[in-house]
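**Q**
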Amino acid sequence: MQQSVKVGLIGFGTVGSGTAKILLEQQQLLSARAQIPIELVAICDKDITSDRGFPVPPHLLTTNIEDIFNNPDISIVIELIGGLEPAKSFILEAVNRGKHVVTANKALLATYGPEIFGAAAENNVEIGFEASVGGGIPVIKSVKEGLVANNIHTVMGIMNGTANYILSRMTEEGLPFDQILKDAQAHGYAEADSTYDIEGIDTAHKLAILANLAFGASTTLNDVDIEGISRLSPIDMAFAKELGYHIKLLAIGRAVDDEIELRVHPTMVPVSHLLAQVDGAYNAFYFIGDSVGKVLLYGMGAGQMPTGSAVVGDVVDIARNIRMNAANRVPCLGRPFQDLAALKKRPMEALTGRYYFRFAAVDQPGVLARISGVLAEYSISIASVVQKGRGTEESVPIVMLTHEAREENVQKALGKIDNLDIVRDNTVVIRIEDLKSLEESA
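See below:
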């Protein structure tokens, strides 16, 4: 039996510092729970001189990555530098040398997951990635182990705290998107470049990773249809509220017949539903399984210590397996890598559902008739119409809710409507999720 588990850490930034702090300060506790000593023996980063806010033994620090790869005693390599390269090369190098890997790198796994997990399977090592989805919320373990008795047919959630913070404040305070984004950046709630957050890419990374686990299909970022929140305005939030909804940036994965739909976009959620009540920078992950029914996991989805906690949780899991000589006791993706099926993706055009449209139209007789005529041409039935006040000198907002319609027809109709001489801007379209009927079918 191995006498101890030695760990090498690559990346000593925010999350890396939190991880190192836990490994050093909680070593006795972690070793007791793993029933084998766990030792952090090397930390590699370009910057090893800046103060991290806690004492770090100098002999642990190095700027030479080979000090980790060439150390035969290191069993687990933690990658926390982020990005695609050199992170991908570092992980594959560690895996090919027979070392287990723990990472929080959602972008990398969503892009190159099949290659990385395939290499891990070939070398019989583990990839721990709990921290890549939901920070300290135990989402990966819940799907991989806790819900193993279920066929999961729906994965849904609010998976980006920055976007949810912005939408929550727009709903509560009626402030414009740009103003709240700048405020969030000034207070450190959002990055200086928040493109991945507000355009749905970060959320799509997480959905792609969860889809592998939930549906047993090989999935990458390219399989997810993505829309962001930057086109929404306070008027949309106000109309939604009046109609009984809140708008959330929702990730949706759903098994439909023998296909899987994967999409991220602004969504109108009934105010009575738990997801509609998740505000601020909080995340929520919502699953429906055939045995368990509905499951909701809720908490802060990011941050130095919550994410560090998830990383260390993976380290302890792998250390336990090393102690028992049981690598891959639970396969990385919940099933053997070779058992992953090819994804049969349901095209976005095949989606059917209800829709919210906000048209910016000139204020003159006959406008509603012309818009309604185009919608009827594409078999889109109007459930209700709301028009209040005067908009700007050039246009007035007209809001319509539809009955169930097909996405393909919606896009064709809006393409034609937006080219009408009575329309002054592209139509804002928001999909409506009828969660009640979805849950009743579970």
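The sequence shown begins at 1449 in our numbering and counts up by one.
By construction, the Cβ of each residue, glycine as well, lies at the ideal position given by its N, Cα and C atoms.
For clarity, every value in this text was computed on a predicted model and none was experimentally measured.
With DSSP run on the structure shown, which of helix, strand or coil describes residue 1489?
**A** The answer is strand: DSSP assigns residue 1489 an E or B state.
**Q** Buried or exposed: which applies to residue 1621, given that a residue is buried once 16 or more other Cβ atoms fall within 10 Å of its Cβ?
**A** The residue is exposed, with fewer than 16 neighbouring Cβ atoms inside 10 Å.
**Q** Nearest CA to the CA of residue 1851: which residue from 1873, 1834 and 1827?
**A** That would be 1827, whose Cα lies nearest to the Cα of residue 1851.
**Q** With residue 1581 and residue 1588 assumed to form a contact (beta carbons below 8 Å), what rounded beta-carbon distance in angstroms separates them?
**A** Contact holds; Cβ gap of about 6 Å.
**Q** Kindly indicate which residue of 1787, 1825, 1780 and 1854 has the alpha-carbon position closest to the one of residue 1549.
**A** Nearest of 1787, 1825, 1780 and 1854 to residue 1549, Cα basis: 1780.
**Q** In this structure, does DSSP put residue 1824 in helix, strand or coil?
**A** The answer is helix: DSSP assigns residue 1824 an H, G or I state.
**Q** Take residue 1458 as the anchor and find which of 1552, 1566, 1642 and 1483 has the nearest alpha-carbon.
**A** Nearest C-alpha to residue 1458: 1552.
**Q** With 16 as the cutoff for other CB atoms within 10 Å, does residue 1554 come out buried or exposed?
**A** So residue 1554 ends up on the buried side.
**Q** What are the start and end residues of each continuous alpha helix (DSSP H) run of 4 or more residues lying completely inside the segment 1695-1782, in chain order?
**A** Segments of the alpha helix (DSSP H) lying fully in the segment 1695-1782: 1752-1771.
**Q** Can residue 1749 and residue 1609 be called in contact, C-beta distance under 8 Å?
**A** The answer is yes: Cβ separation under 8 Å.
**Q** Once you ignore the five residues that flank residue 1692 on each side, which residues in its own chain have a CB closer than 7 Å to its CB?
**A** If we look at residue 1692 and ignore the five residues flanking it on each side, its Cβ neighbours are 1718 and 1719.
**Q** Buried or exposed, going by whether 16 or more other CB atoms sit within 10 Å of the CB of residue 1704?
**A** Residue 1704 should be labelled exposed.
**Q** Quick check: residue 1735 and residue 1595, are their CB atoms within less than 8 Å of each other?
**A** Yes, the Cβ-Cβ distance between residue 1735 and residue 1595 is below 8 Å.
**Q** Measuring alpha carbon to alpha carbon, tell me which residue in 1483, 1474 and 1463 is nearest residue 1765.
**A** Considering only alpha carbons, the answer is 1483.
**Q** Between residue 1530 and residue 1758, is the Cβ-Cβ spacing less than 8 Å?
**A** Not in contact: residue 1530 and residue 1758 (Cβ atoms no closer than 8 Å).
**Q** Output the distance between the C-alpha atoms of residue 1726 and residue 1866, rounded to the nearest integer angstrom.
**A** If you take the alpha carbons of residue 1726 and residue 1866, they lie about 34 Å apart.
**Q** Going along the chain, which residues of its own chain have a beta-carbon closer than 7 Å to the beta-carbon of residue 1494, five neighbours each way excluded?
**A** Only 1511 meet the Cβ criterion.
**Q** Is it right to say residue 1630 is buried, meaning 16 or more other beta carbons lie within 10 angstroms of its own, or is it exposed?
**A** Exposed, by the Cβ-count rule.
**Q** DSSP three-state label for residue 1641, please.
**A** Coil.
**Q** In terms of alpha-carbon separation, which member of 1678, 1663 and 1585 lies closest to residue 1611?
**A** If we check each option's Cα against that of residue 1611, 1678 comes out closest.
**Q** Run the CB neighbour count on residue 1773, radius 10 Å, all protein chains shown included, and call it buried at 16 or more, exposed below.
**A** Classification of residue 1773: exposed, given that the 10 Å Cβ count is below 16.
**Q** Looking at the strands, I want to know which residues DSSP matches up with residue 1576.
**A** The partner list for residue 1576 (beta bridge, DSSP) reads 1550.
**Q** When the Cα atoms are used, what is the spatial distance from residue 1805 to residue 1471?
**A** C-alpha separation (whole angstroms): 51 Å.
**Q** Per DSSP, what kind of secondary structure is residue 1454 in: helix, strand or coil?
**A** It is a strand residue.
**Q** By Cβ distance, which residues of its chain are closer than 6 Å to residue 1889, with the 5 residues on each side in sequence left out?
**A** Bear in mind that a pLDDT of 47 at residue 1889, under 50, signals an unreliable position, so the number given afterwards is only what the model happens to contain. If we look at residue 1889 and ignore the five residues flanking it on each side, it has no Cβ neighbours.
**Q** Roughly how many angstroms separate the alpha carbons of residue 1591 and residue 1499, rounded to a whole number?
**A** Going from the Cα of residue 1591 to the Cα of residue 1499 covers about 38 Å.
**Q** Please go through the same chain and pick out, in chain order, the residues whose beta-carbon is closer than 8 Å to the beta-carbon of residue 1728, but skip the five residues on each side of it.
**A** So the list reads 1609, 1612, 1613 and 1616, once near-sequence residues are dropped.
**Q** I'd like the list of long-range same chain contacts for residue 1829, defined as Cβ closer than 6 Å, with 5 residues on each side in sequence excluded.
**A** Here the set comprises 1851.
**Q** Just the Cα atoms here: how many angstroms apart are residue 1808 and residue 1834?
**A** Computed Cα separation, rounded: 13 Å.
**Q** For the alpha helix (DSSP H) holding residue 1653, just list the boundary residues, first then last.
**A** Its alpha helix (DSSP H) spans residues 1649-1663.
**Q** Write down the C-beta distance between residue 1456 and residue 1522 rounded to the nearest angstrom, noting that I regard them as a contact closer than 8 Å.
**A** So it is a contact: roughly 4 Å between Cβ atoms.
**Q** Go through the segment 1485-1530 residue by residue and report every complete run of the beta strand (DSSP E) that reaches 3 residues or more, in order.
**A** Within the segment 1485-1530, the complete beta strand (DSSP E) runs of at least 3 residues are 1486-1492 and 1522-1527.
**Q** Do residue 1668 and residue 1686 have their C-beta atoms closer together than 8 Å?
**A** For residue 1668 and residue 1686, no; Cβs fall outside 8 Å.
**Q** Identify, in the order they occur along the chain, each residue of the same chain with its Cβ nearer than 7 Å to the Cβ of residue 1585, setting aside the five sequence neighbours on each side.
**A** These residues qualify, in order along the chain: 1731, 1733, 1745, 1747 and 1749.
**Q** Buried or exposed for residue 1533, please, with buried defined as at least 16 other CB atoms from any protein chain shown within 10 angstroms of its CB.
**A** Result: exposed.
**Q** Less than 8 Å between the beta carbons of residue 1651 and residue 1712, yes or no?
**A** Taking 8 Å as the Cβ cut-off, residue 1651 and residue 1712 qualify as a contacting pair.
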